[in-house]
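Undergrad: Last residue of the sequence shown: 85 (my numbering), numbering continuous.
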Amino acid sequence: MLLPAKAEVARQLRRYPAWERAMLAAPTDRTARATFEDSGYTLCVLMGKRCAREAADAAERYLRSSLVAYLGESERPRAKTV
Numbered sequence: 004m005l006l007p008a009k010a011e012v013a014r015q016l017r018r019y020p021a022w023e024r025a026m027l028a029a030p031t032d033r034t035a036r037a038t039f040e041d042s043g044y045t046l047c048v049l050m051g052k053r054c055a056r057e058a059a060d061a062a063e064r065y066l067r068s069s070l071v072a073y074l075g076e077s078e079r080p081r082a083k084t085v
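1) Give the single residue among SER69, ALA37, PRO20 whose Cα lies nearest to the Cα of ALA59.
2) When the distance is taken between beta carbons, is GLN15 closer than 7 Å to THR38?
3) Hey, ALA13 and LEU66 are a contact pair by Cβ (cut 8 Å); roughly how many whole angstroms apart?
4) Using only CA atoms, which one of ALA29, MET26, ALA25, SER42 lies nearest to GLU11?
5) At which residues does the alpha helix (DSSP H) containing LEU66 begin and terminate?
6) Run the CB neighbour count on ALA98, radius 10 Å, all protein chains shown included, and call it buried at 16 or more, exposed below.
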């Protein structure tokens, strides 16, 4: 399994809430909204998640853990949803 460089994940994780704050401060600013959405998408791609919030959570776990711990955590069986 290929994992992103922790430095890049950390950089993107810093950008995401910064652009979220900018977008919330100026909801009509299309540039802020587009950049916020781009930063969320980038986190999703880096972390292999479909939702930006899940990607941000996964990025935080990835940065806090060792590689072995992160891989073990992500390979746990998931509960089935109906």
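Ideal placement from N, C-alpha and C gives every residue a C-beta, glycine not left out. A quick note: this is a predicted structure, and the numbers were derived from the prediction, not measured.
TA: Quick look at the numbers:
1) Of the candidates SER69, ALA37, PRO20, the residue whose Cα lies closest to the Cα of ALA59 is PRO20.
2) Taking 7 Å as the Cβ cut-off, THR38 and GLN15 do not qualify as a contacting pair.
3) Contact between ALA13 and LEU66 holds: their C-beta atoms lie close to 6 Å from each other, under 8 Å.
4) The shortest C-alpha separation from GLU11 is found at SER42.
5) Following the DSSP letters along the chain, one finds LEU66 inside the alpha helix (DSSP H) bounded by residues 55-67.
6) Any answer about residue 98 is impossible in this case: the structure gives the chain only from 4 up to 85.
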